Each structure stands twice: as C-alpha cells, then as structure tokens.
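Everything below concerns the one structure shown next.
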Amino acid sequence: MRIGIYTHYAHCDAAYLSLRLAEFLRKQGVEYTIYSDTPPAKLFVAQDSSVVHKRVCKYTQWARQCSAIIWTHPPKLEQLNYAKKMNVLTVIAPMWQDLVRPFRKVMKNADHVIALTTECRELFASVYKFKNVTLIPFDVGLPVIKKTAAVNERRIKILLPWFDRNARCANSQFLALLGYLLPKMPDAELTVAITSCRFAPCVAKFFQKLGQKTDSRVKLVRNVPLKNRPAMYTEHDLTLLPAECDNYGVCGLTSINCGTPILSFNLSPQNDYVYPNTNGMLVKTTIDYDDNGVPHAAPDYEELVTALQAFIAEPWHIDDFNKKINYNLAARRKSFELGWQTILRLV
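Given below as structure tokens:
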C-alpha cells in the first residue's frame, strides 16, 4: 500500500496537514509520498527533500503508483476521474477557506470528503448535501504538556502567533488597542511571531516601535522553524489568537497541546476545542459567511483586548486553565488516528 498526499507544499495550513498525515502514516508503517504542483517550500523538516512536484513527475505517473490519494484542496475533475479510473481511493480533506468554484461536483464524486471541524461537516453534509462526509478532528501529534509552575505575576508572557497569516486580521483598530494597552501594563510581555514574506511590513514596523516604547517588552520574532514552534508556545503563559477565519485550528491546538491556554474569538474551529473555564477563553463575535458558506468573524477587538487586560490584571485565571488544559486531547487524538485508519482501510 502506498498513500499519496497531494497538497500545496508551502507555509500554509494545507502543508501542515500534509506533514501531520505523513507522520501518522510513518508511524503506521505505511509508505507515503507527497506531491505538489509547484517546487516545494523549505519548511526545514525531513519531508522537504522527498516532495515530488509536476516539473519532476507528471500527475498521471505519480497517481498510478498510489493506492489512495488525499487532496488538501478540491482537485480538478479530470484528476479525480483519472485516479478513480486507476482504481485509486480518492479522499479530499479541503481547507474550507480555499474552496474554489466549481468544487461541488468534484467533492461529490470523491470516495470520501473529510471535514476537520463540526461546522465544516454541517456545511458539507447539510448545506451542500454531500453523502460522503466524515468528521475527523485534527490532532497536532505532539507530546501533551501540562504546566505545574504558577504564572509569574510580574512577568506575564503572551504569544501572538501570526506565523503564516497575511496581517488581514491586524487591522488598525486592533493595533491601536494593543498600542494603548501594553505601555500601561508593565507586567505584560508580548512576543509576535511572523513569517516575513507574508506579513505586512508596516505591521512589523508597528511592533518594532511598540517594543521601543515598552522597554523591549514587545518582541518581534521572524521565520520561526516548525520544529521550534511548540517550544515557543510552551514558554509563554497565554496565546492571543485574533483569527477572523481559520481552517482547522493548528495554532490554537498546538498551543493547548503545549500547555498554554488561548484567547480567541468564538467561531469555528476555535469553539470545537476551546472549552470555557477549561483551556481558554472565547470572546463573542458577530459572524458573517462568505459565498461558499465559510464563517468569518466581524470581530469586536475592543472586547478581545478587554479580556486580555483581565488576564494580565488577574493571572490566576491562567493558572486555573493550566490545571485543566489537556481536557479531551486524548480522545481527540484517538478520533484522528482511528478516523484515518478507517478511511484509508488500514484496519
């Protein structure tokens, strides 16, 4: 058996899902290969050197070598039909932010469509009426960490993980509120982690200037390798995640898995894994839906920053979260592994 993973191998959620699937298949003792339309980005992981792309190998040649193909995006109809003609199992686990019309016919004709969140499943099954939908919640596959030391009330460390986001969520209101709050809260330290090529230079410059105003309590970190990101989450007390839209919650789930509660908006996928008074806090928000039915927050950043201020003023809330931070992670991992084993016929 050989499983093919067809993805956009770059600094994005699709690539991170493909890496998680590759690690899962390796542990199952199953041979796998990753295919990309473009030469792969260097994520500085072991799989970088083994990614196949169409300049090296045609899709048809690659597909014939697979017994199943997992797409992290809706493929072209002719690609899907060719795989089915070759008697290859077809599985689509799309990033729902990246749905591009026409995708309905392709997903309807696939053997399986994987929903990574409950709201995604409702969209595919109830709105689009796909009969081939299976919910498999995402799991980061990292060792579970639980912190025992109390938060240092004089040095509350906050992480803002914008590793691969394009600053769309960093509107002027949010930046202005952070710029007002942090100089007045001397007990707070903020680390902003970005990927330089995707982040607006003016926003990076804003945080650099804010660091100067706060005696270096605001730090800008660029291009953090994937292998170093879990340790960065663990080193902080709280993860601030102002995401207006997300695919399956890789940042938030990584944070919780690494023992750090999160503060985010109450929308999917965050409300799938953040439990009130357990492992984080979700701020109420107005939700809009795009033309494909994918939810986007129309956020009140003032409410988010007010909640952040409460955590800084009363850090014992974070200590309470730390006691229950790993709630449901074991069940989530079991669901992920059993779900993929069943879909790929590994059991």
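Its first residue numbered 1, the sequence shown is counted upward by one per residue in my numbering. Note that beta-carbon positions come from the ideal geometry of N, C-alpha and C, so glycine has one too. Computed from a predicted model, the values in this text were never measured in an experiment.
Compute the Euclidean distance between the alpha carbons of residue i and residue j, then round it to the nearest angstrom.
i: Asp98; j: Gln208; result: 32 Å
i: Gly293; j: Pro94; result: 14 Å
i: Val250; j: Ala14; result: 10 Å
i: Met232; j: Gly259; result: 11 Å
i: Pro315; j: Ser264; result: 17 Å
i: His8; j: Arg121; result: 22 Å
i: Ala167; j: Cys245; result: In this prediction, Ala167 has a pLDDT of 46, which is less than 50 and means its spatial position is unreliable; what the coordinates show is noted afterwards. For Ala167 and Cys245, the distance between alpha carbons rounds to 12 Å.
i: Arg222; j: Cys202; result: 14 Å
i: Ser126; j: Pro299; result: 26 Å
i: Thr117; j: Thr72; result: 14 Å
i: Asn348; j: Pro242; result: Nothing about residue 348 can be read from this structure; the chain reaches only from 1 to 347.
i: Ile262; j: Ile158; result: 10 Å
i: Asp319; j: Val51; result: 42 Å
i: Asp215; j: Ala330; result: 41 Å
i: Gln341; j: Val30; result: 11 Å
i: Tyr59; j: Ala110; result: 17 Å
i: Lys42; j: Ala10; result: 7 Å
i: Ser49; j: Tyr35; result: 12 Å
i: Lys129; j: Arg104; result: 10 Å
i: Glu153; j: His53; result: 50 Å
i: Phe311; j: Glu78; result: 52 Å
i: Lys324; j: Glu23; result: 27 Å
Taking C-beta to C-beta, are residue i and residue j nearer than 8 Å?
i: Pro295; j: Tyr301; result: no
i: Thr33; j: Arg55; result: no
i: Met107; j: Val113; result: yes
i: Gly179; j: Arg20; result: no
i: Pro161; j: Phe44; result: no
i: Ile92; j: Ile5; result: no
How should residue i be labelled, buried or exposed, when 16 other C-beta atoms within 10 angstroms of its C-beta is the threshold for buried?
i: Glu189; result: buried
i: Asp237; result: buried
i: Asp187; result: exposed
i: Gln173; result: exposed
i: Thr285; result: buried
i: Pro40; result: buried
i: Gln212; result: exposed
i: Val61; result: According to the sequence displayed, residue 61 carries Gln and not Val. It is exposed - the Cβ of Gln61 has fewer than 16 other Cβ atoms within 10 Å.
i: Leu182; result: buried
i: Asn247; result: buried
i: Ala115; result: buried
i: Phe306; result: It is worth fixing the name first, because residue 306 is Thr in this sequence and not Phe. So Thr306 ends up on the exposed side.
i: Asp37; result: exposed
i: Leu17; result: buried
i: Pro143; result: exposed
i: Arg229; result: buried
i: Arg155; result: exposed
Contact check, residue i vs residue j under 8 Å by CB: the rounded distance?
i: Val283; j: Asn271; result: With a Cβ gap of about 11 Å, Val283 and Asn271 do not count as contacting.
i: Asn65; j: Leu346; result: As written in the sequence, residue 65 is Gln, which differs from the Asn given in the question. Actually they are not in contact, since the Cβ atoms of Gln65 and Leu346 sit about 18 Å apart, beyond 8 Å.
i: Ala68; j: Tyr82; result: Actually they do not touch by this definition, with Cβ atoms about 14 Å apart.
i: Leu354; j: Ile194; result: This structure leaves residue 354 out entirely; the chain is present only between 1 and 347.
Could you give the first and the last residue of the continuous alpha helix (DSSP H) run that contains residue i?
i: Trp71; result: Premise fails: Trp71 lies in the beta strand (DSSP E), 68-71, not in any alpha helix (DSSP H).
i: Leu17; result: 13-27
i: Val250; result: 250-257
i: Lys108; result: 104-109
i: Tyr289; result: Not the alpha helix (DSSP H): Tyr289 falls in the beta strand (DSSP E), residues 286-289.
i: Gly293; result: Per DSSP, Gly293 belongs to no alpha helix (DSSP H) and is neither H nor E.
Between which two residues does the beta strand (DSSP E) carrying residue i extend?
i: Tyr32; result: 31-36
i: Ile262; result: 262-265
i: Thr90; result: 89-92
i: Lys157; result: 156-162
i: Ala193; result: 188-194
i: Arg2; result: 2-6
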